[in-house]
Structure formats: C-alpha cells, structure tokens
Amino acid sequence: MYTLLIVQLAVSGALMGMVYALVAYGFQLTFATSKSINFGQGELVMLSALFSLTLIDTGLPYWLVVPGGMLFGAALGLFVERAGVRLALEQKSEGWILLTIILGLLGFSTAENIWGRDDRPFPTPIPSDPLHFFGIDVTPLELSVAVGVLTVMGLVELFKRKTLLGKAFEAVSADRDAAQLMGISATRTIQLSYGLSGLVAAMAGILVAPITTVGPTMASVLVLKAFSVAVVAGLDSGFGVVLVGLFLGALESLTSFYLGSGWREAPGLVLLILALAVRPNGVFGKATIRKV
Amino acid sequence: MWKRLLLIRGTELAVLAMLAAIPLVVNNSYVLGLITLLAIYGILLIGLDVTVGYLGQVNLAQAAFLGLGAYAAGLSVAHLEFGMLASLAMGFGVGLVFGTVLAFPALRLEGPQFALATLSFSALSATTLNEWEGLTLGAQGLQVSRPPFLGMTLDAPGFFWLCLLLLALVWIGMRNLLSSQWGRAFEALRDSPVATDAMGVGTYRHKVAGFALASGLGGLAGGLYAFNFQYLQPQSFGWDLMVILLLGVVLGGRKSLWGALVGASLIALLPNLLSNRGLFQLISAAGLIIAVAAGTRGLLKKTAGPFRALAPVVAMGVLVAGSFVVENTEDWRKAIFALMLFAVVVGLPEGLMGFAAHFLARLFRIAPPPLPAPAPLDDVLPKRTVDGSVLLELRGLERYFGGVKAVDGISMTVRAGEIHGLIGPNGSGKSTAVNVISGLYTPTGGDILLRGKALPAGSLFKVARSGVARTFQNLQLFGELSALDNVMVALKDVYRSPLPLVLLGLARAEENRARAAALALLELVGLGEQARSRAKDLTYGDQRLLEIARALARKPELLILDEPAAGLAHPDVNKLLGIIKLIHERGISIILIEHHMDVISELCSVVTVLDGGRIIAAGTAEQIKRDPKVIEAYLGATDGVAPAPAA
Amino acid sequence: MLTVENLHAGYGTSEVLAGVSLQVKAGTVVALIGANGAGKTTGMRAISGMIRPNRGRVLLDGRPVQDLDASRVARLGMAHSPEGRKVFGPLTVEDNLLLGAYCRLPRFFGFRARAAADLEGIYALFPRLRERRQQAAGTLSGGEQQMLAIGRALMAKPKVMLLDEPSMGLAPVIVQEVFNTIRRLKEAGITLLLVEQFAKSALEVADYAYVMDRGRIAIEGTPAHLREDERVLAAYLG
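Chains as they are written, first to last, in the numbering used here: chain A, 1484 to 1775; chain B, 218 to 864; chain C, 190 to 427.
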C-alpha cells in the first residue's frame, strides 16, 4: 500500500513536471539562436493564461481559446524580443538579462491591475474524475497536460527538422555568420525563436491553469523550476528537458510529502546549484570551446 | 596633486559631514529613518556593484544576502546574546560564507547561467527562511531588539551615526581595494577572461573573492537592516527588493562608489516620492524631458539608433500619461519602477553618475598624479643565463576538432635561449599547437614537457604560472584599462600584501613599485609615452607591442609570440624585430609564429614548418628556404597537377 | 558583375582596408592575393556585408549593396564561402547543401523536390559528399568540409561567388583537388572572386589578379603579366 502511495505521488508529480519541461523547452528555443533567454517568461505564461481566461469568459469555445492564447503568447514573445533583447544583442552586451526582468515586472504589474490579484479557477471541458491504472489514479486533466506538452514539443521539433525554415533555425544556432551568408537573416530567426518560445510558454500556461488556478503569481514558482530543468538538462539539449522535468516533478511531489509542502521548491533549486557545480553545461549539454 | 586630493577627498568629507549633521539640525523621526535607510542601502549597493559593475555579472542574490545577514544578526542577539558589533560581524560572516559557497559553483558560469544560479539561491533562501519556523518563526515574522553598542544603548540618531560610520569605512576599504591589484583584476577579467587566465591572474578565484565580498557587505547591511526595523519577515527580501536594488545600481551608475550612493538615496526616497501624486507627475515629466533631450542628442550625434533614442521616450511618455490617468499610483508601483528602469537601461546605460562624470570631468580638469621613474630593467627582467638545455618538448601532440585534425602528431624540442620559428600556411595548425601548449585547449593526445616535467594540460592559468607567457594573434587586451594597468595586471612577484593591508590602504609602496616596473616594460617596447592611454585607443601596432609588454610582466622563461607582426606596417615590423632581439638578449626563450619569411630568417636559429597539422621540415632558416617540401607547401604545387578528372 | 570602389573598412578603431577598388567581370575568375594581414579576408567580409564598410561602394550587377546586411546581399545573388569553411557542424551534409539554396527554395514544404536536381549536380561534382549525405558536417575531414562549403555556395546559383582561402589547413594533395574543382567551376562559367595564399596556384586558374598589400591594391594585371613582375613574388614571399 505504501509503495503504491509513493508511486502515485511520483506519477502525478512527474505529470506536472512535464509543464516545467515545456517552459524549459521555450528557453532552449531562444538560447539556441541567440544565447539569450527571457527572464520574464513566467509573466508571459501568466499573461497568456489570463488572456485565455478572458477569452473563455467571452464565451469562446475551448478549441478556439487554445490557439488564441498561444497566438497571444507568441505576440508577447515577439514584443519581448523587440523591446528587451535585440538592442542588447546588437551591442553584444548582457543587458537583455536586466531588460527581460524589467519587462516581466511590467507585465506582472499590468496583470495585477487589469485582472486583479486574486487567483481564479480556469474552466476546462476536460474531466477531472480519476481513471485507474494498476491501482494508480490519474485524472484526464493530468493526462491532457502530458499529451499537450508532447504534442507541442513534437510539432516544433517537426518544424525544425522537416521544413527549410526550421533548418535555417538550426543553421543560425550552429553558426550565425555562415547562416547570414546563406541569405538567412539572423535577426528574423531570433525573432522567430522568441515568437515560438512565447507560443510554447502560452501553451504551458493554458495546460497548467485548470490545475493551479490563474492569477498574477501563478507562474513565479513554475518558472523557477523551469529554469532549473533547463539548466540541469543543458540549455542546448533538446529532449533532455523532458527527462529532467519528469524527474524533478516526481522528486518534488515526494519532497513535499515527506518534508511538508513549503519545501516543494527546494529540490529543484538544490538540483540546479548542484548541476552547475558538477556539470556547468547541463547533464545532456555539450562543453563549449573557448575561442581567441 | 593637491588640487586633486582636495577636490576628491574634500567632496567625500563634505557629503559625510552633511549627512552626519542632519540629526543635529532636523529632529524628525521620519527624516532620520530615511537617511538611516540610505546609509544601509549604500553599503548594500556598494557590495552589489562589485558583481554587477566590476565583475559585469547580473547578480540576483543580493536581496537574499541582506535577508540572511538580517536573520543571522537578529538571531544571534536573541539566542546568543551578542552585542551590536558581534552580531553585525555575524551578519557579515554569514553573507561571506554563503557567498563563497554559492560562488564556487556559480562563478564557473557566465551570463545567464550565473544569473539563474543566483536567482535560485534567492528562492532557496526565501524558502528556508519561511519554512524553518523553529528558528525564524516563518511568515509571522521575527521581533529583533537592538543590542547595546560597546555597552551603550543606541537611540535613533546614535544608530544612524553607527550606520554612517560603517558606510564610511566600507567606502574607504572599497576605494583602496578597487584601486589596487584586485580592482584591476576585476576589470581585466570582465574585458578578457582568457587573457586574465593567460596572465596568471586567475579569473576564477578573483571572481569568487569579489562575489564573497559583495555578499559579505550584503550580510552586514542585513544586520543593520534588522536593528533598524527591529522586525523581520522573509518576504521583505524577495524579488521586489532585488529589482529595486538593481534599479539603484543601474540608475546611480555602475562601477562607481558615488553611483552606489546616489542610487541608494534614490531608492530610499523613491517610494515616498511616488506616493505623492503631484511630485510623481513632476518626476515623470522631468524624466520625459530628459529622455527626449538625450534621445534627440543621440540621434543627432549618431551615437544612438532609433530604438535607443525612442524607446525611453515611449516609456517615460507612458509614465507621464499614467501619472494623470491612474487612480492609485501605489497599485502600479512595480510598473512604474519597470518603466523607469527600462528607460535608464536603454537610454542612459552609464547611469546618472556616469552621465554626470562626463560633465564633471570637463568642468574640473585635474591632472592625474605623476608617474614614478621607470625601474631599472635588470630588476624587472633579470638576465637569465642560458645553457642550451632542453626547455620545452612536445611528443606526438594531437588536437582534433570533430573530423578536422588541426594538430596531428607534432614532436619538437625548444632549447633554452633559442628563438624557435614556427611557420606554415594558414590553417596548418600553428595557432592550435600554441593554444594547446598554453593551456587554452586540452590536447587530444600526446605530451607537453617543460624542463622534463609535464606541463598542466588545458589550464591557461596553471601554464602561465609555470613560467610560459604568450601573446594572442587576435588581440586580447584589457580594452578599458590603460596601457600601464594592462601590464600591471600581469606583473609577477610584486604583489605580496595580504588583503587586510590592501583594504586599509597600506599597500601603496607596493603599488608604486609595480608602477615603476610596469613602466620599465612599457619603455622596453617603446610605449612609455602612452602609459596612460586606454588600451583600446592605442593604434593597432601599439596594441601588438602592448601585448608583448604584458606577457613580459610574467617574467617568463618561455615566451610565445603568436604572429606579432600580423597587420603591421613595415617600419613597425623593424621596430618589432629590435624589441624581440632585446628580449632574447635577456635570456628568454621564444617561440615565434610568423608568416613573414624575412622576420623568421633574421631572428630564428631553428625553424619548424607545419602543414596540415604535421611537421614537414625542421632546421635552420637557410635549410628551410631550400627545402622543396616547404616551397611546395608555401607556393602550392601547380606543376604536375593532373588534368581535371571527368566528373 | 561585381565592382568595388574605394572600399574602407576595419574593426573598431583600426582600419584594415584603406581604399580597395576592384572589378570582377561576368564569367571570369579573379584572384586576390597578398601577404597575411594584407586585408584580403577583411575585404571579402566587407564586400559580402559581414562587416559594414566605413566608406566606398560595392556594386553587385550595378546595384549598390554596401549598406545591406549580409543576408540581404546573399539574397541578391552573392555567395560567400568564408574563410575556415564554416559548415553547419551539427547538420547533415544534405541539410547544409539545402540551406545553401535557402534563398530560392520554398520555406516549408516541397523544397527537397525542388532542389533534387541541383543536389544531383553537386553530388556529381563531389561524389564523396553523396556517400556522406546523412553524416553530420562537423565529422567530415577538412578537405570534405571544403568541398561541402563550395557545394553549399554553388547551390545558391549565385551571380558571383566569393571563395576565401579554400586551401586553408589542407594537405597538399587535397589542395590540388580543390584547385581542380575551381578550374571546373571556371569551365562551367561561374563568376568567381578567389582569395588565396598560394599565389602560384591562384594565378594558374585566374583570368585576372589583384595583389593586396597593407589594405590597398598594390598591383593588378593578368596572371601572365604579374608573373613577369618581380615585385609580386617579392611581396608575396615577404
């Protein structure tokens, strides 16, 4: 019975971990093309979820809300790239770290004032009555998270591998100068990566919203764990994030069972600092070569 | 000299006296609270500026260190019955220790990963403070009583003076530190970490020390914070405070003690200014005017592109509009901070003090202190006796990059006292070989022996410390530092004073000796006159010479010159030849990578020729020139090429 | 086809190019030779838009392109195969080649079919690339990477092709192969600006040549003319 409880906790934790993986995947997308990430990604997740909630309130059907929210996220991603990242990259400075933090703060404050500070439920057509598999309860809602995450990541990967634009994306990641010489605009590609990253983040927000409820602070913790997942897996390692996300989700769920829910965030943070100490480029990452 | 001292020290003293006099003149607990907070923030921001400004890394953990220091100080009063000084020391110590612990893993990283590591640390410390209720009482908060100071009970003005005194001490200590070898090393490793390692300075440990110190100051400020407010809650030290602190450093101006002070006063005052609507409208209007002025100026002078000129105007415009439309500004506090920060980061990246410094420098032209006389060259670069014994030996050295065999089994010997030429066509593996020897790359295979002992593989720093110095083909100077400072960073065997003496400003003699020694090296390469010019403002040829002077500051046994003549005009090449001969006369062995055959034949006693990562010939310059394989490699064998095979 | 007028360019405060003018006529091979550090590669980078020139003009087919970003210049028909080859290491050989034709292929689907014939052409020219089409480009040998870089530039069907130091870091026997390839490109009527350190080989294939020295064109002329000029060899051998 006790083992079953452990497995139950690990499984539901791992399913939540898929959301971290999805947000972390968004970090990888922009890091690949520009070596930068959006430190305000959590706010982007939250704003997209709130926007989707508003769409639901206007009576739009769920299957239209999802793409609507994702488009909104993509638009925000493009805005972040334009306002916070491009200038710093042109100057080859790390100003984007500060600027994306600032834009996140702006988004947070805007959300507080437009949608209020309270957490609200996010209605969904997906039922939450548990299904039983080998004595473990899994709700369709949790399953929808896993399916949604894998679908979105799969589609983006397909895009990168099967379309020429996607290959151009990888070319910019591999060698920006050479890609420019092929007629591939690095600026456009970085813009595209931020758009995709915003889209993916919005999807994460919509998937997780029915479980966590929606409010300005909904993603502040989520994004910390996504950072952990991205760094532990390596910011350039593709599907490594899924494995690390699953692992972290399970670990976290067990930690909060044994130590109390307040310590929920601790394992991710410890894992991150440890990973940095042992493998600075991530468990699945590659070592970089210094050039002079 | 006197004028300079009077102006700089005078301003410092005047501001200090003014602040100290406020409690005597104004008897108002609100004002007193503000200036106490100012002093505490001052200490905190000076610390934060070490990482954000001098080390150039975005540090998101300073608020956490403030919290840790505050709890440490508060708890040591409550549980250990410490006095004021002991508990403040406790706060400082906790900051220092945790800072060091975090620095070891975090500072192996650059940029975003470092910021993430500090961010995670903040979150972790917030979780711990919240959840360890047995100690911290968690979210309900901790009452702290202000302990006696040397047996005296401090009232509010007394406590303020204590804070101010500590701020002054921190100020003096940091000024001494930053104008010493430490400060130079901080700046150097921001400009070129590779060269800092290659000069044996040790990027990593300087970063760790700098970060630990910054965290210690955070902890000290935390102790003062605890005794000022006498009530602590974990959530006070969260993300909001961190953003405000960054606002302070950036707005005040990075890399400047004055900037930190200005920033501290702004963030201490700002929340109060924002709560008054009229004042807020005034401030945002002023901000808009500054943004428009700066933007127009930037566009006209072409120092700023359209985005950099317009974005701050838009941000400040939104702020002005908001100040009239919004009902309660307090609700929008974060957005207001965000807009202001955005405008400053984009439009005024040097901050207020950086901006003001340009004008002040124009107003008060102060002559810099005179330079000492150069030290005798024999002291700086003692003559080595050379015996022609084996100095460096390569055995089957290999380095592959993917499928490309850049260095493919090189074995060669360099004897003490020789100038060993390394030539070959572009991409023949010369630079890669040198990069492997000097520790930039780890070899794929083979051995490197210096005087029969294995040279540390893959560590620039350790190789530099073993007596091998190098220059870089693609210049790796510390661009923001003066030519003199560039050499001083690398100087070996001069700096011996321990850190406490440096902080107290008692290492001046050593600093003067270093300056004299560095000047001697600059004169050796003919740059004595340019000692004060910033490295990036030197001409290309002079930059190449400066690289050599800097490498010589390591007092090397073996000097590796990587294409020192590349891109030099003819008169400069002749000058370079003379300098290399001078260096050689002092008994320093040299590996010279070169393309110019005349340079090689004039200088080198032994020449090794590489092609395709392998040695194709070795011998004297004359033998090499006649070697058919060499001629072929250099000119390309077009004779005897088979006709194009049919596709 | 390509005209460069009084081009000045450099990095930061140092000016590497001090007024370079040259011309490449359609269907000809022009060689740019000179000592190391003379500014050949910088010249190529300034022509293709990788660095912005401080002064001067670059005309591609009569159209000024000196103020355009490298990707725009590439789309107008200039293919620059850069120094050090710069293949996309993690991508397969075939993907590298397809990206070479990025400008003229559909972005999403059907690009493979559209490029099939051109791919065949490249594989016919470099049979070794066909064998390794699914291999990651980074694992190729230096010579194969050079073939790939040339093939990738050819895929663009450029109006003019810039080839920067194709012999760099290659064993002599591979260098010969590279020059054989260049000769075949010439026979196929490709307009080519070639930067080479191997002056003699470059002069063998070129129709016209410029010798650079310290950021300027020191001498120019037909290969036959230059070979007679003592100064050329002297300047080159240093």
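For every residue, glycine included, the Cβ atom is placed at its ideal position computed from N, Cα and C.
- prompt: According to a CB-to-CB cut-off of less than 7 Å, which residues of the region 323-334 of chain B neighbour chain A?
  reply: A323, R325, L326, G328, P329, Q330, A332, L333, A334
Cα-Cα separation between A:F1522 and B:T335, rounded to whole angstroms: 13 Å
query: Can we say the region 244-255 of chain C touches the region 318-336 of chain C, given the rule of at least three CB pairs closer than 8 Å?
result: no
query: When DSSP builds the beta bridges, which residues end up paired with C:A398?
result: C:A220, C:G410
task: Identify which residue in C:R293, C:R373, C:L206 has its Cα closest to the Cα of C:M267.
output: C:R293
- request: Leaving aside the five residues before and after B:E780 along the sequence, list all residues of the same chain whose C-beta is less than 6 Å from its C-beta, in chain order.
  value: Q690, I810
- prompt: Residues bridged to B:I865 by DSSP?
  reply: Any answer about residue 865 of chain B is impossible in this case: the structure gives chain B only from 218 up to 864.
field: Reduced DSSP category for B:D457 - H, G, I as helix; E, B as strand; rest coil
entry: helix
- prompt: Is the beta carbon of B:R616 sitting closer than 7 Å to the one on B:V653?
  reply: yes
- prompt: Under 7 Å between C-beta atoms, does C:R281 make it to chain B?
  reply: The question names Arg, but residue 281 of chain C in the sequence shown is Thr. It does not: the Cβ of C:T281 has no partner Cβ on chain B nearer than 7 Å.
message: Let's see if you can read the secondary structure: which residues bound the beta strand (DSSP E) around C:H269?
response: 267-270
field: C:Q334 beta carbon less than 7 Å from that of C:R274
entry: yes
Spatial distance of B:G568 from A:L1675 (CA atoms): 32 Å
- prompt: Would B:E298 be called buried (16 or more neighbouring beta carbons within 10 Å of its own) or exposed?
  reply: exposed
field: Nearest-angstrom Cα separation, counted from B:A280 out to B:S304
entry: 19 Å
query: Going straight from the alpha carbon of B:M416 to that of B:K772, what length do you get?
result: 11 Å
message: I'd like to know whether the C-beta of A:S1431 is nearer than 7 Å to at least one C-beta of chain C.
response: A question about residue 1431 of chain A goes unanswered here, because the residues of chain A that appear run from 1484 up to 1775.
- request: Note down, in chain order, each residue of its chain lying with its Cβ closer than 7 Å to the Cβ of A:V1635, except the 5 sequence neighbours on either side.
  value: L1505, V1683, M1686
message: Please state the DSSP three-state secondary structure of A:M1665.
response: coil
C:A377, buried or exposed, once every other Cβ within 10 Å from all chains shown has been counted against 16: exposed
message: Less than 7 Å between the C-beta atoms of A:L1707 and B:A340, yes or no?
response: yes
Chain A residues whose Cβ lies nearer than 8 Å to that of B:N347: G1745
- request: Taking C:N195 as part of the beta strand (DSSP E), name the residues at either end of that continuous run.
  value: 191-200
task: Scan the region 1665-1689 of chain A for residues whose Cβ lies nearer than 9 Å to a Cβ of chain C and list them as they occur along the chain.
output: M1665, G1666, I1667, S1668, A1669, T1670, R1671
- prompt: Does the pairing of the region 1691-1704 of chain A with the region 1565-1580 of chain A give three or more beta-carbon distances under 8 Å?
  reply: no
query: What three-state label does DSSP hand B:A863 in the structure shown?
result: Unreliable placement is indicated for B:A863, whose pLDDT of 33 sits below 50; the coordinate value is still reported in the next sentence. Of the three classes helix, strand and coil, the one that applies to B:A863 here is coil, per DSSP.
- prompt: What is the rounded straight-line gap between the Cα of A:M1529 and the Cα of A:I1585?
  reply: 16 Å
3 or more residues per run - each beta strand (DSSP E) lying fully within the region 561-630 of chain B: 607-618
query: Counting only beta-carbon atoms, is B:I848 nearer than 7 Å to chain C?
result: no
Stretch-stretch touch, CB-based, cutoff 8 Å, three pairs: the region 545-562 of chain B with the region 1592-1601 of chain A: yes
message: Which residue marks the beginning of the alpha helix (DSSP H) containing B:I484, and which one marks its end?
response: 474-492
field: Residues bridged to B:F366 [DSSP beta-bridge criterion]
entry: B:M369
- request: On a CA-only basis, which of B:G675, B:G400, B:L384, B:G644 is nearest C:P361? Give me that one, please.
  value: B:G644
query: Is B:I553 near the ligand MN, in the sense that its beta carbon is under 6 Å from a heavy atom of that ligand?
result: In the structure on display, the ligand MN does not appear, and there are no ligands present to speak of.
Per-residue contacts from C:Q335 into chain B (C-beta, under 9 Å): Simply none; closest approach about 10 Å.
field: Any C-beta of chain B under 7 Å from that of C:Q386
entry: yes
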